[in-house]
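This report concerns only the one structure given below.
Chains as they are written, first to last, in the working numbering: chain A, 1 to 323; chain B, 1001 to 1323.
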């Protein structure tokens, strides 16, 4: 049985309304099922999102980014441990936008759960972004929406690498934590990767290494060059050792400070930006489906004319938009 | 003076029709100017693309991809040298999608020109992809279109790294060359990066290193597992040393063989896919401008409602599409 648009109906025996209720009651399995619906772009998503909408906006969404090798997953785990010690419910969404071919959850969620495996206050999920345009922009905010409505106090969004997509995600979190480590390249590298623009809290991990202090000093002097309005949040640069747990409490404190400091117009603006990207991605996906629909195939027709030089891409786009 | 949509008018004193004529006559400076118009998303692009359309479809577009460290720019230069020896006009488009903040041409074009600096048969240009959605999909094919119409026999598109964007570009070239090198990680890494799906010609660079032969052997056995239709192109795995020039001639031969083998429906299909992505990106960008236009701001309105839980993203997208 397929739905109207030809996609298979969900495997859900449980009705959506019940799944949503269960997720809101903190049932991990229901949360996982809802996120699978997001990953599958299931037709039920409309209903799910409509049901979740009134219950969103409570979670503190923290983006964690940094180059490979800085110790991102270890740091995420250390933050989870500290947040649990403070009795917060924590979800982790690990996103890997680098590989278009991984398709689905990555290995290692179970490994990463580790000591949290039996703790219902912790939820960890990996998502691969899709290869198609807007896949990342679309799936990540929807998964966040599920976790938010499910009552997690904090959602940590961990991205792999510091590329365009990662910066995009980090940029729409409530708070962005940029992770660095000694020996990961100098300040010019950091500047080039654009991290000086996106961080709300900077953390130099592996603080036990001798060069950690100088990484911190360099970063501080670079950040000092950035102009900020008076009263604006000034990103702290903290030392931490995710391995030993040293400094983790202070980092969690800084993250909470940031969201408190921005509560009001600034936080609202970030959430609006996140919603904007999400709505836009959904609308664009709908347009693409329309253009590429089997019935019309208008896009294929004009693409063929462009490929053979009979028309130019702008004239072709005009025709597509008129159709 | 600004045009109707508020963007600054081009600095062009030369009319577009003349620029196009000059570019078609092989004037390097005119080609460079046209590509700058692409990078600037100049309003004249419509006119430029309309004028170029009838002259496209002649160049052999070769995508070159591979992990950092395999020697991509050295290899590209070696290919340029060999193609010049065969009297082909060659353009190189080097694309860096990793940094959303580089904005504009990268350093080093002049350095890379090296011995080709005074050769009008060679054109080298770096492009940074933009941070916004679809930037890469949009700018790269348009630059290709300029180089194609300008009469270059071969256009080498060199991408940085093997990520999603790179694979996308590589996937729409006429021929995709995947570059590897000994000591760059094992076969599983290669498989994970998705390169087994995209290559038409595989080249193991740094063939003077002792492990080159085993990299080639491993890759061959992995490729042998891929099912291919009878008569389909079977990607060769070649050894090359870009440094010494050894094996370069054979690689150029394989690239020409591939395009000859696919000429007809297969090549047409790839070019249609490239045109499709380009037209779609232009149309989507137009939609986004419409939604985000100062006059309407419909997207901002619905995003605000989503962010505050008053509506859900699907209902919001519906309203956007109806507006």
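Glycine included, C-beta positions come from ideal geometry on N, C-alpha and C.
Since the structure is predicted, the reported quantities are computational estimates derived from the model, not experimental observations.
Closer than 9 angstroms to the CB of residue 1141 of chain B there is at least one CB belonging to chain A. Take residue 1035 of chain B, set aside five residues on each side of it, and the residues of its chain with a beta-carbon closer than 7 angstroms to its own are 1125, 1143 and 1146, in chain order. The criterion of a C-beta distance shorter than 9 angstroms is not satisfied by residue 317 of chain A and residue 1227 of chain B. Closer than 9 angstroms to the CB of residue 1055 of chain B there is at least one CB belonging to chain A. Residue pairing by DSSP places residue 158 of chain A opposite A/64 and A/94 in a beta bridge. In the structure shown, residue 310 of chain A adopts coil according to DSSP, grouped into three states. Taking C-beta atoms under 8 angstroms as the contact rule, residue 1199 of chain B and residue 1176 of chain B qualify, at a distance of about 6 angstroms.
Taking all protein chains shown into account, residue 1225 of chain B has fewer than 16 neighbouring C-beta atoms within 10 Å of its C-beta and is therefore exposed.
Cβ neighbours of residue 1237 of chain B within its own chain (closer than 6 angstroms, five residues either side excluded): 1202, 1216, 1219 and 1220. Contacts with chain A at 9 angstroms (Cβ-Cβ) include residue 1311 of chain B. For residue 175 of chain A, the uninterrupted beta strand (DSSP E) run begins and ends at 175-180, by DSSP. In the structure shown, residue 1241 of chain B adopts extended strand secondary structure according to DSSP, grouped into three states.
The distance from the Cβ of residue 1321 of chain B to that of residue 283 of chain A is about 6 angstroms, consistent with a contact at the 8 angstroms cut-off. With contacts defined by Cβ atoms closer than 9 angstroms, residue 1152 of chain B and residue 1051 of chain B do not form a contacting pair.
Annotation: the continuous beta strand (DSSP E) that includes residue 201 of chain A extends over 201-204. Selection A/297, A/73, A/233 and A/268 evaluated against residue 254 of chain A yields A/233 as nearest (Cα-Cα). Using a Cβ distance threshold of 9 angstroms, residue 1157 of chain B and residue 1181 of chain B do not count as a contacting pair. At a beta-carbon threshold of 9 angstroms, the residues of chain A lying near residue 1300 of chain B are 272 and 276, ordered along the chain. Going by C-alpha positions, residue 1159 of chain B is about 6 angstroms away from residue 1065 of chain B. Straight across, the Cα-Cα distance linking residue 1273 of chain B with residue 301 of chain A is about 11 angstroms.
By the Cβ criterion, the segment 64-80 of chain A is in contact with the segment 239-249 of chain A, since at least three pairs of Cβ atoms, one from each stretch, lie closer than 8 angstroms. Under the criterion of beta carbons closer than 8 angstroms, residue 1024 of chain B and residue 1055 of chain B qualify as touching, at roughly 6 angstroms. Here residue 14 of chain A carries a coil assignment [DSSP, helix/strand/coil].
For residue 25 of chain A, there is no enclosing alpha helix (DSSP H), as DSSP marks it with neither H nor E.
In this structure, the CA atom of residue 43 of chain A is about 23 angstroms from the CA atom of residue 95 of chain A. Any Cβ of chain A closer than 9 angstroms to the Cβ of residue 1286 of chain B would place that residue at the interface, and such an atom is present. Chain-order list of chain A residues neighbouring residue 1202 of chain B: empty, with the shortest C-beta distance near 17 angstroms, by a criterion of under 7 angstroms.
Classified as exposed, residue 183 of chain A has fewer than 16 neighbouring CB atoms from the shown chains inside 10 Å of its CB. Cβ contact annotation for residue 22 of chain A (same chain, cutoff 7 angstroms, sequence separation greater than five): 30, in chain order. Short of 8 angstroms from the beta carbon of residue 1291 of chain B, and not among the five residues preceding or following it, lie these beta carbons of its own chain, in chain order: 1298, 1299, 1320 and 1323. Legend: CB atoms of the segment 1079-1091 of chain B lying less than 7 angstroms from CB atoms of chain A are not found in any residue.
Excluding its 5 nearest sequence neighbours in each direction, residue 1070 of chain B has C-beta neighbours in its own chain below 7 angstroms: 1179, 1180, 1181, 1184 and 1205, listed in chain order.
By the neighbour-count criterion, in which 16 or more other beta carbons inside 10 Å mark a residue as buried, residue 1313 of chain B falls on the buried side. Under the DSSP assignment, residue 1088 of chain B falls outside any alpha helix (DSSP H); it carries neither an H nor an E label. Nearest neighbour of residue 1027 of chain B by Cα position, chosen from B/1122, B/1223 and B/1039, turns out to be B/1122. With a cutoff of 9 angstroms on beta-carbon distance, residue 1263 of chain B and residue 303 of chain A are scored as not near each other.
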